[in-house]
Amino acid sequence: MSEILVVAELSEGGVRKATHSAIACARRINELSGGTFSILVLGGPGTKAAAAQLTGFGAARVLSCEDASLGNYLAERYAPVVASAAQGFQVVVGTASSYGKDLLPRVAARLDAAYAADCSDVVSKAGKLAYKRPMFAGNAYGFCTLDTPQQVVSVRQSEFDPAQPTSGQSPVSDVALTPPGAAAQRIEFVSLEQVKSERPELAEARVVVSGGRALKDQFFQVIEPLANSLGAAIGASRAACDAGYAPGDFQVGQTGKVVAPELYIAIGISGAIQHIAGMKSSKTIVAINKDAEAPIFQIADYGLVADLFQAVPELVSALEARKKK
Ligand SMILES: Cc1cc2nc3c(=O)[nH]c(=O)nc-3n(C[C@H](O)[C@H](O)[C@H](O)COP(=O)(O)OP(=O)(O)OC[C@H]3O[C@@H](n4cnc5c(N)ncnc54)[C@H](O)[C@@H]3O)c2cc1C
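Sequential numbering from 367 applies to the sequence shown in our numbering.
Structure follows, in structure tokens:
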């Protein structure tokens, strides 16, 4: 039997979709080994209201920790609260978003628990939970089992479909704020600089239009009209980010974001394994590249061998003309 604690992720008072993938993983673990799951929601003012948004997902309990000192995320403040709330739970689950990647290893260290990062599935092997994890830039997958009494797991959002609401309501209870330790006192929140965008979040978008090094300083000039036309998020290869054509948080791949949209359009991207590691689970992949031998065509469902500077504006015109019909 596994009692599981899901760590929710909030943004501006709302629950991020990433949380629902962690709930889906918790439900899967319960199917495999029995037990129940609870959800921990922590943050500043408005956290209780956010916790109320999670009462319809089949959790045994929703635990809420609302305190002004948690208003701005700092791993050093959050980790002690999660570790304290995790007492009595065998598995702590979160999503491998930037938040989860930052917070969960610290929680594992505090609990002296083994940690499986970026899991894409969980199965039962010889009566133990076995977590499927990518290796060698996603070219191979391995299963790992964790032998500590408590386990901490982060899951790939793209591999766990968001949990749907169930009937019934979970009770909400407050958990006490853990006094910040010495580490938290050495750190101070200064400011958060956030790029506000009307676009969907890259990791959650149904359509992603990604550009590579080939776009040079015309990256936005070429990619943005297509993304606007499709209501898509914008992604980029690492080469495009490193060259400064696109911001670093647009990067898709092994060392960037992992995405699995309905439609992924790769424009002027060669298809290096490190890029493919971040988008190969996309349902439909379209590639535009002038080199017919580019590796991206090996995984593309639709490929266009063409000069992007000509093909992309033509595609945008065709899409806009179709909308007017
Ligand atoms: C440890 C490590 C981690 C990495 N992590 C990542 C990662 O997370 N994400 C990532 O993307 N990369 C990552 N990389 C880098 C990766 O190996 C590649 O270097 C990078 O993906 C290449 O980016 P690109 O395809 O944009 O550029 P290039 O390899 O330069 O390819 C440009 C492509 O554009 C095409 N092209 C050029 N002009 C035109 C035109 N006018 N019209 C149409 N097509 C054109 C070319 O034919 C070519 O295929 C990592 C590398 C390492 C070593």
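Positions of the beta carbon are idealized from the N, C-alpha and C atoms, including for glycine.
Since the model is a prediction, treat every value here as computed from it, not as a measurement.
Classify residue i: buried if its beta carbon has 16 or more other beta carbons within 10 angstroms, exposed otherwise.
{"i": "M501", "result": "exposed"}
{"i": "D484", "result": "buried"}
{"i": "Q523", "result": "buried"}
{"i": "T413", "result": "buried"}
{"i": "M645", "result": "buried"}
{"i": "G614", "result": "exposed"}
{"i": "T532", "result": "exposed"}
{"i": "E688", "result": "Per the sequence shown, residue 688 should be read as Arg rather than Glu. So R688 ends up on the exposed side."}
{"i": "G508", "result": "exposed"}
{"i": "P627", "result": "buried"}
{"i": "T544", "result": "buried"}
{"i": "N396", "result": "buried"}
{"i": "R552", "result": "exposed"}
{"i": "E432", "result": "buried"}
{"i": "Y668", "result": "exposed"}
{"i": "A542", "result": "exposed"}
{"i": "A674", "result": "The amino acid occupying residue 674 in the given sequence is Leu; Ala does not appear at that position. It counts as buried."}
{"i": "S539", "result": "exposed"}
{"i": "S563", "result": "exposed"}
{"i": "L558", "result": "exposed"}
{"i": "D683", "result": "Looking at the sequence provided, one finds Ser at residue 683 rather than Asp. Classification of S683: exposed, given that the 10 Å Cβ count is below 16."}
{"i": "Q453", "result": "exposed"}
{"i": "S486", "result": "buried"}
What do you reckon, are the CB atoms on residue i and residue j nearer than 8 Å?
{"i": "G619", "j": "Q587", "result": "no"}
{"i": "L371", "j": "V458", "result": "yes"}
{"i": "I692", "j": "G637", "result": "Here the chain comprises residues numbered 367 to 691, so residue 692 is not present and cannot be evaluated."}
{"i": "A612", "j": "A598", "result": "no"}
{"i": "V575", "j": "I633", "result": "yes"}
{"i": "S404", "j": "L429", "result": "yes"}
{"i": "G380", "j": "A416", "result": "yes"}
{"i": "L592", "j": "L470", "result": "no"}
{"i": "K623", "j": "A569", "result": "yes"}
{"i": "Q456", "j": "Q516", "result": "yes"}
{"i": "F555", "j": "L440", "result": "yes"}
{"i": "V407", "j": "A374", "result": "yes"}
{"i": "A390", "j": "F526", "result": "yes"}
{"i": "S368", "j": "S399", "result": "yes"}
{"i": "A492", "j": "C510", "result": "no"}
{"i": "G410", "j": "L436", "result": "yes"}
{"i": "A643", "j": "G504", "result": "yes"}
{"i": "S520", "j": "A475", "result": "no"}
{"i": "P679", "j": "P546", "result": "no"}
{"i": "L596", "j": "V561", "result": "no"}
{"i": "V518", "j": "Y481", "result": "yes"}
{"i": "F423", "j": "A548", "result": "no"}
Using only the heavy atoms of ligand 2, determine whether one of them is closer than 7 Å to the beta carbon of residue i.
{"i": "A653", "result": "Absent from the structure shown: ligand 2. Ligands present: ligand 1."}
> For ligand 1, which residues count as neighbours when the test is a C-beta closer than 5 Å to any heavy atom?
Replying inline: Here the list is G578, R579, A580, S603, R604, A605, G619, Q620, T621, G622, G634, I635, S636, A638, Q640, H641, N655, K656, D657, A660, D673, L674.
> Going along the chain, which unbroken runs of the alpha helix (DSSP H) with 4 or more residues stay wholly within the region 578-648?
Replying inline: Counting only runs that start and end inside the region 578-648, the alpha helix (DSSP H) elements of at least 4 residues fall at 585-596, 604-608, 639-642.
> Which runs of the beta strand (DSSP E) fall wholly inside the region 486-538 and span at least 3 residues, in chain order?
Replying inline: Runs of beta strand (DSSP E) with 3 or more residues, each lying fully within the region 486-538, are found at 487-491, 494-501, 506-511, 517-521, listed in chain order.
> Which runs of the alpha helix (DSSP H) fall wholly inside the region 414-451 and span at least 4 residues, in chain order?
Replying inline: Annotation note: the region 414-451 contains the following uninterrupted alpha helix (DSSP H) runs of length 4 or greater, listed N- to C-terminal: 441-451.
>> Restricting to runs no shorter than 4 residues, where is the alpha helix (DSSP H) found entirely within the region 531-575?
In response: Listed in chain order, the alpha helix (DSSP H) runs fully inside the region 531-575 are 548-551, counting runs of at least 4 residues.
> Considering only residues of the region 455-479, which uninterrupted beta strand (DSSP E) runs meet the minimum length of 3 residues and lie entirely inside it, listed in chain order?
Replying inline: Listed in chain order, the complete beta strand (DSSP E) runs (minimum 3 residues) inside the region 455-479 are 457-461.
>> List, from N- to C-terminal side, the alpha helix (DSSP H) runs of 4 residues or more that fit wholly inside the region 370-414.
In response: Complete alpha helix (DSSP H) runs here, min 4: 384-399.
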